[in-house]
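Peer 1:
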Amino acid sequence: MAGLVIAPKARIFHGHDWVYGTEVRTVFGNPKPGDVVLLKDQRDHYLGSAMYNPQSQIIARRFSRRKQDLDRDFFARRIAQAITLRERLLPGEAMRRVVWSESDGLPGLIVDQYADVLVVQTLTMAMYLRLGLIRDILCDLFRPRSIIVRNDSPMLAAEGIEPATYVAVGEEPAPFVGTARGIRFCVDLATGQKTGLYLDQMQNYADVAKLAAGRRVLDCFSNQGGFGLACALAGAAHVTSVDISEEAIAAVRRNAELNGVSIEAIAENAFDFLKRESDAVRNGADPKWDLIILDPPSFTRNKKSLAGALRGYKEIHLRALQMLPVGGILSTFCCSHHASDALFRETIANAAVDGHCTLRLLRRHGQSPDHPVLLNIPETEYLKGYTYELVPGR
Ligand code: SAH
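Going letter by letter, the sequence shown gives residues 441 to 834 in the numbering used here.
(1) Bridge partners of M535, per DSSP?
(2) Among W729, F453, I574 and E697, whose alpha-carbon lies nearest the alpha-carbon of A653?
(3) Is the closest heavy atom of the ligand SAH to the C-beta of E755 under 8 Å?
(4) The beta strand (DSSP E) spanning G666 covers which residue range?
(5) For the beta strand (DSSP E) containing V657, list its first residue and its last residue.
(6) What is the residue span of the alpha helix (DSSP H) that G572 lies within?
(7) Identify whether H757 lies in helix, strand or coil by the three-state DSSP scheme.
(8) Counting Cβ pairs closer than 8 Å, one from the region 441 to 454 and one from the region 472 to 492, do we hit at least three?
(9) Can you list, in chain order, the residues of its chain whose CB lies under 6 Å from that of N610, leaving out five sequence neighbours each side?
(10) Could you give the C-beta distance for T562 and N591, rounded to a whole number, given that I count them as a contact under 8 Å?
(11) Run through DSSP, which three-state label would V793 get?
(12) Just to check my reading of the structure: E755 and F713 have Cβ atoms closer than 8 Å, yes? What is that Cβ distance to the nearest angstrom?
(13) For Q561, does the three-state DSSP call read helix, strand or coil?
(14) Got a list of residues with beta-carbon closer than 5 Å to any non-hydrogen atom of the ligand SAH, in chain order?
(15) Sorted by chain position, which residues of the same chain lie with C-beta nearer than 8 Å to S702's C-beta, five sequence neighbours on each side aside?
(16) Is it buried or exposed, S738, if we count other Cβ atoms within 10 angstroms and call 16 or more buried?
(17) Using a 10 Å radius around the Cβ and a threshold of 16 neighbouring Cβ atoms, would you call T787 buried or exposed?
(18) Take A881 as the anchor and find which of G700, L758, A691 and P765 has the nearest alpha-carbon.
(19) On a CA-only basis, which of L549, R517, H778 and D640 is nearest K744? Give me that one, please.
(20) Here's the rule I'm using: 16 or more other beta-carbon atoms within 10 Å means buried, otherwise exposed. How should P531 be labelled?
(21) Under 9 Å, do H805 and V648 count as touching if we go by C-beta distance?
(22) Please confirm if the region 466 to 473 is in contact with the region 505 to 520, defined as three or more CB-CB distances below 8 Å between the two stretches.
(23) Please state whether DSSP places A522 in a helix, a strand or coil.
(24) With DSSP as the reference, label Y492 as helix, strand or coil.
(25) Quick one: grab the DSSP three-state call for D683.
(26) Just checking, does the region 544 to 563 make contact with the region 822 to 829 on the three C-beta pairs under 8 Å criterion?
(27) Given that a residue counts as buried once 16 or more other Cβ atoms are within 10 Å of its Cβ, and exposed if not, what is D580?
(28) Quick one: complete alpha helix (DSSP H) runs, 4+ long, within the region 724 to 750?
(29) Check A688 in the structure and name its three-state DSSP category.
(30) To which residues does DSSP link C774 through a beta bridge?
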């Protein structure tokens, strides 16, 4: 069987499951992209089975410490384990991520469940080549109404996979109403659109909403309204949602109606919105919101654009702080892999220095439990968030 001999000091010897091209001593047996390879150290000790793709910087991803093929039994077992975990962590939830890549021992496979519709992504060549098998197993396990393959991630290019989005099983689902953590959402999974919900934020909707009763809430970068809806349902005095996308704002309005709550939904660039509103407060206007949520997109895809991204993060934090009254609350999230937790916190701290205010930590946030974090693979932890309270008089 084909395999790789791994150079000493590679990250795999420190618990990681990835092998970078620079960490390989020799390749033997002429493996093809997407093949299963054996990993060995220089003394011929066996390190496990991995999926191989020389087109990617990550040339191999270990999926088992034993000799293991990517066969039907393997997929059926791992996917069943992933479902069992979700049942334990999120019992009865109809909308959730059921398979998340490395975190479920299935590198590159993502399966999101929206009631009886599944959305599948394959981000590694090995998974991509086995889509037919994966589809059959998902059909056996879920009996879904439809399966949509949505391979549209910018990460595909690095693996040499052609982007494609199509209906693999059943028919293209018309928009339908689904419930996630007690919130009703209109789910539109049409293959022509960027899809779905931010399932990784679901837990945080509930956690932030616990602070919302009686408060006036501003949800910036709201997308389809998750935070704002949860806050409105939890008794917020008023909710304003801002997103640059007209479509997202239309969805916020639809979702507010579905849940019987009222939300002021504004389609605008949040930078412009925050600038205008914070200038008004600095010029003496009364603060309009007591709880501000910031959940921007990742402003950076690589290390090069990080400095610019951090300037953007700092600006929105400073403006939000300037708009809050004493005792006001800021909940802020960062989903960028490149902006570390420490950098993110430093950025918030810098904004607080410029805004002459003191922040007290109320809560830390992470990704929802259907996106499990593995200690040995730090890349599985990407979403971080903090809720701070503006402390009076310092
Ligand atoms: N909070 C959302 C997820 C936010 S994703 C949720 O939990 O569902 C980021 C959102 O920011 C997207 O909806 C995108 O349309 C929006 N966005 C991107 N740039 C923006 C900008 N400059 N101003 C306002 N919204 C923006």
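Even glycine gets a Cβ: it sits at the ideal position worked out from N, Cα and C.
None of these values were measured; they are calculated from a predicted model.
Peer 2: According to the data block:
(1) Looking at the DSSP output, M535 bridges to Y554.
(2) Minimum Cα distance to A653 is reached at W729.
(3) No, since every heavy atom of the ligand SAH falls outside the 8 Å radius drawn around the Cβ of E755.
(4) G666 -> not in any beta strand (DSSP E); alpha helix (DSSP H) instead, spanning G666 to L673.
(5) Counted as a single uninterrupted DSSP element, the beta strand (DSSP E) harbouring V657 occupies residues R656 to C660.
(6) Residues L571 to F582.
(7) Under the three-state reduction of DSSP, H757 is assigned to helix.
(8) The region 441 to 454 makes contact with the region 472 to 492; the number of CB pairs closer than 8 Å reaches 3 or more.
(9) Residue identity check: residue 610 is Gly in the sequence provided, not Asn. If we look at G610 and ignore the five residues flanking it on each side, its Cβ neighbours are R585 and S586.
(10) So it is a contact: roughly 6 Å between Cβ atoms.
(11) In the structure shown, V793 sits in a helix (DSSP, three-state: H, G or I).
(12) Going by Cβ atoms, the distance from E755 to F713 rounds to 12 Å, so no, they are not a contact pair.
(13) The three-state reading of DSSP puts Q561 in strand, counting E and B together.
(14) With the criterion CB distance below 5 Å from any heavy atom of the ligand SAH, the matching residues run Y638, Q641, F661, N663, G666, D683, I684, S685, A688, N709, A710, D735 and P737 along the chain.
(15) Exclusion of the five residues before and after S702 leaves A672, V679 and A696 as the residues of its chain whose Cβ lies within less than 8 Å of its Cβ.
(16) Classification for S738: exposed.
(17) Flag for T787 reads buried.
(18) Examination of residue 881 is not possible in this model, given that the chain is present from 441 through 834 alone.
(19) Comparing Cα positions, the closest option is H778.
(20) Burial call: exposed.
(21) In this structure, V648 lies closer than 9 Å to H805 by Cβ.
(22) By the C-beta criterion, the region 466 to 473 is judged not to be in contact with the region 505 to 520, since fewer than 3 inter-stretch pairs fall below 8 Å.
(23) In the structure shown, A522 sits in a helix (DSSP, three-state: H, G or I).
(24) Y492 falls in the strand class under three-state DSSP.
(25) D683 falls in the strand class under three-state DSSP.
(26) Contact fails: fewer than three Cβ-Cβ distances are below 8 Å.
(27) Looking at its Cβ environment, which holds fewer than 16 other Cβ atoms inside 10 Å, D580 is exposed.
(28) Unbroken alpha helix (DSSP H) runs of no fewer than 4 residues, entirely contained in the region 724 to 750, are not found.
(29) A688: helix per DSSP, three-state reduction.
(30) Looking at the DSSP output, C774 shares a beta bridge with K824.
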